[in-house]
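A.B. asks: Residue numbers (our numbering): -7 to 314. Would you mind keeping the following structure in view while I ask a few things?
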Amino acid sequence: MAGDQIWQPVATAGTATAVDDGTWMIDLGFQERSNVVLAYLLAAGDQLALIESGPTATLPNLLAGITAAGFDPARLTHLLVSHIHLDHSGAAGVLARDNPTLTVFVHPIGAPHLIDPSRLVASATRLYADRMDALWGEVLPVPMAQIAPLADGETIAVAGRVLSAIHTPGHASHHVAYWDPERAALFTGDVGGVRMPGTSYACPPAPPPELDPAAWAISVDRMRALGARHLFLTHGGRFSDVAAHLGQLMPNLAALRALAKTALLAGADHERLTSLIHDGMASHVSDPEALVDLEWATPSYLAASGLTRFLVKGGEVPTPAS
Ligand SMILES: [Zn+2]
């Protein structure tokens, strides 16, 4: 890997960008934008693995990317997901159906929701309503026989490397990051934040229902202690200014939390809080295109819901009227 490049750009949707020998970034072209949702392809010998699948809505781009990297998608052997949110693993069930020998790795707390996604889909439908299908596409169950639970510290030898699962709650209780010590590479899912290429602001995505800043702070400390030289974000790509990037996550989350608390105590409704959070992101990201991408990856309205729920639950603000 190049040592001095902070950001490695991803080309257009459905293409594969080589990161190193045996690792590719696939841009899933989510909402026809670049870098908003990525998957990482790992290959060596007869093993072909993905970290993250993205949603079913972008499956054609995922398969095109695997083909562009020179591989047959029907040969996929492993899918490792950071967590079960639909932008990370929504396509797991369809991939498992189409590849009966595929094994899906997920934290034990997340596994039941891949095996039976009905509660996950119901809760997503409350958030996205009639946009569910356009955003995510079909969500199929993953057969239990194709699930391999992976708890904290467990390792998996895959595609010529050994990856460790690092349980990193905060964004979601069952979130894991995947650590490749040989390459000093950390695949951060959402707990490493969302950051668009060419920008410096790393936004902690704060959707309901499991936002937990205290747990997130511990997860960031654990990630910092690994000594990673490269961060691979699901939303934004590869960044190599590791200390600066990880160092801003908790201050940025604290700023969002303070903004939300002040606004809610002043009587802001959901729409007003959403707009304030968007303005807050805009103050850090001056490029309007990057701001659009950031909004797709971590929508202000989800952060408004997540922060409100967290603050109400903790008794820091009263329950909003509506
Ligand atoms: Zn997520």
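In this text, a Cβ means the ideal position worked out from N, Cα and C, and glycines have one as well.
Can you tell me the Cα-Cα spacing of V154 and L54, whole angstroms?
C.D. replies: If you take the alpha carbons of V154 and L54, they lie about 24 angstroms apart.
A.B. asks: Ordered along the chain, which non-local residues of its own chain (more than five positions away) have a Cβ less than 7 angstroms from that of P65?
C.D. replies: Correct list, in chain order: L55, I58, T59.
A.B. asks: Going by the C-beta, is P243 closer than 8 angstroms to any heavy atom of ligand 1?
C.D. replies: Result no, Cβ not under 8 angstroms from ligand 1.
A.B. asks: Looking at S267 and P201, is the spacing between their C-beta atoms short of 9 angstroms?
C.D. replies: Result no, Cβ atoms of P201 and S267 do not sit closer than 9 angstroms.
A.B. asks: Give a single yes or no on whether D204 has its beta carbon closer than 8 angstroms to a heavy atom of ligand 1.
C.D. replies: Because no heavy atom of ligand 1 lies under 8 angstroms away, the Cβ of D204 does not count as near it: no.
A.B. asks: Secondary structure at L142, three-state DSSP: helix, strand or coil?
C.D. replies: Here L142 sits in coil by DSSP.
A.B. asks: Is H117 near A83, with beta carbons less than 9 angstroms apart?
C.D. replies: The sequence shown places Thr at residue 117, not His. No.
A.B. asks: So, for S171: in the same chain, excluding its five sequence neighbours on each side, which residues have a beta-carbon less than 7 angstroms away from its beta-carbon?
C.D. replies: At residue 171 the sequence reads Trp, which differs from the Ser that was named. Around W171: L155, S156, I158, L178, L218.
A.B. asks: Exposed or buried, M17, counting other C-beta atoms within 10 Å across all chains shown (16 or more means buried)?
C.D. replies: Result: buried.
A.B. asks: Count the other CB atoms within 10 Å of the CB of D(-4); is the residue buried (16 or more) or exposed (fewer)?
C.D. replies: Since pLDDT at D(-4) reaches only 42, below the 50 mark, its modelled position is unreliable, and the value read off the structure follows with that caveat. Exposed, since its Cβ has fewer than 16 Cβ neighbours within 10 Å.
A.B. asks: Closer than 6 angstroms by C-beta to A8: which residues in its own chain qualify, once you throw out the five before and the five after it? Chain order, please.
C.D. replies: Taken in chain order, the residues that qualify are W16, I18, G57, A60, A61.
A.B. asks: Would you mind reading off the limits of the alpha helix (DSSP H) that contains R118?
C.D. replies: Here the alpha helix (DSSP H) through R118 covers 110 to 120.
A.B. asks: Which residues are close to ligand 1, meaning CB closer than 5 angstroms to any heavy atom, in chain order?
C.D. replies: The answer, residue by residue, is H77, D182.
A.B. asks: Would you report the Cα separation of T147 and S74, rounded to the nearest angstrom?
C.D. replies: Straight-line Cα distance between these residues: approximately 14 angstroms.
A.B. asks: Would the beta-carbon of M136 fall within 9 angstroms of that of G184?
C.D. replies: No, the pair does not count as a contact, with Cβ atoms beyond the cut-off.
A.B. asks: State the DSSP-derived secondary structure class of V150, mapped to helix, strand or coil.
C.D. replies: In this structure, V150 counts as strand in the three-state DSSP scheme.
A.B. asks: How is S156 classed by DSSP in three states: helix, strand or coil?
C.D. replies: Three-state DSSP puts S156 in a strand.
A.B. asks: How many whole angstroms separate the CB atoms of V150 and A41, which I take to be in contact at a CB cut-off of 8 angstroms?
C.D. replies: Yes, they are in contact, since the Cβ atoms of V150 and A41 sit about 5 angstroms apart, within 8 angstroms.
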